[in-house]
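Engineer: Chains as they are written, first to last, in our numbering: chain S, 1 to 111; chain Y, 112 to 224.
Even for Gly, the Cβ is constructed at its ideal location relative to N, Cα and C.
Every value quoted in this text rests on a predicted model; they were computed, and no experiment measured them.
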Amino acid sequence: DGGITQSPKYLFRKEGQNVTLSCEQNLNHDAMYWYRQDPGQGLRLIYYSQIVNDFQKGDIAEGYSVSREKKESFPLTVTSAQKNPTAFYLCASSESRYEQYFGPGTRLTVT
Amino acid sequence: AQKVTQAQTEISVVEKEDVTLDCVYETRDTTYYLFWYKQPPSGELVFLIRRNSFDEQNEISGRYSWNFQKSTSSFNFTITASQVVDSAVYFCALRNYGQNFVFGPGTRLSVLP
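#1: With distances taken from CA atoms, which of Y/L205, Y/L220, Y/F212, Y/L156 is nearest Y/E137?
#2: Counting only the same chain and skipping the five closest in sequence on each side, list residues whose C-beta sits under 6 Å from that of Y/P224.
#3: Give me the residue from Y/P151, Y/Y208, Y/S182, Y/L145 with the minimum Cα distance to Y/E170.
#4: Whose Cβ in chain S lies nearer than 8 Å to the Cβ of Y/P216?
#5: For Y/D197, does the three-state DSSP call read helix, strand or coil?
#6: Among the residues of its own chain, which have a CB less than 8 Å from the CB of S/K83, if the five just before and after it don't count?
#7: Who are the Cβ neighbours of S/P79 in its own chain at under 6 Å, not counting the five residues just before and after it?
#8: Under 7 Å Cβ-Cβ, which residues of chain Y neighbour S/L90?
#9: Enumerated in chain order, which unbroken segments of the beta strand (DSSP E) with a length of 3 residues or greater are wholly contained in the region 124 to 156 of chain Y?
#10: Starting from the beta carbon of Y/F202, find every residue of chain S whose beta carbon is closer than 8 Å, and list them in chain order.
#11: Candidates S/T77, S/A92, S/K70: which alpha carbon is nearest Y/E155's?
#12: Confirm, please, whether the CB-CB distance from Y/V135 to Y/S182 is below 9 Å.
#13: Would a check of beta-carbon distances place S/Q25 closer than 9 Å to chain Y?
#14: Check this for me: beta carbons of S/G40 and S/Y47, under 9 Å apart or not?
#15: Would you please state the rounded distance, in angstroms, between the beta carbons of Y/T218 and Y/I122? I believe it to be under 8 Å.
#16: Is there a C-beta anywhere in chain S that falls below 9 Å from the one on Y/N169?
#17: So, at 6 Å on beta carbons, what are the nonlocal neighbours of S/Y10 in its own chain, with the 5 sequence-adjacent residues on each side left out?
#18: Taking 7 Å as the limit between beta carbons, can you name the residues of its chain near Y/V222, skipping five residues before and five after?
#19: Check the Cβ of Y/N211 against every Cβ in chain S and list those closer than 8 Å, keeping chain order.
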């Protein structure tokens, strides 16, 4: 089945540790995105990538890093510099001007 | 600047009632796209519909219908005969041509049995 996978669904980390969230798509989409969602809030764009080996910061990139070495993969690293990392993280992909398709999300809890 | 407003934070209805979710957008571009997404309790956003700025025809899909009016910059979503399974957070989004999505804050719909 075509779609976007994110793993793991739930992730727990100690404060001060970096953690990498996985996002893979087999839709052959050029563009991929990472969003953060806090309880009761909308979506905020962290990073996006229009093509392989290129990515841009979104609205809240501080404390996060990404890579896009393959078209189908766009991992997000939450670094220890991110002050409030506990949140729900959603990955999405799209073709040019059309709709984004989302993965199931990863709930990250940092204590 | 792009902006999407969903003034209704939360709505509660009783099953079988009709409900309309409001969406007002702001953009200076003439070419843009509007979207609605559903986020059930599981968390994954589900795409419902896309409308481009040149197509103001209303659309109906089963119990769902959408009313796009450029004159009022609105793209409202109506659920007819609501069901408990419709309970979710609904997001309206705007995308100017060649740019990123802008999502509204969402409306939480609760359909009570």
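Structural biologist: Put simply:
#1: Y/L205
#2: E126, V195
#3: Y/L145
#4: Q41, G42
#5: helix
#6: G63
#7: A small fix is needed here, since residue 79 of chain S is Thr in this sequence, not Pro. Within the same chain, S/T79 has close Cβ partners N18, G63.
#8: L156
#9: 130 to 132, 135 to 137, 143 to 150
#10: G42, L43
#11: S/A92
#12: no
#13: no
#14: no
#15: 6 Å
#16: no
#17: R107
#18: V124, E126, S193, Q194, V195, D197, S198
#19: Y33, L45, Y48, G58
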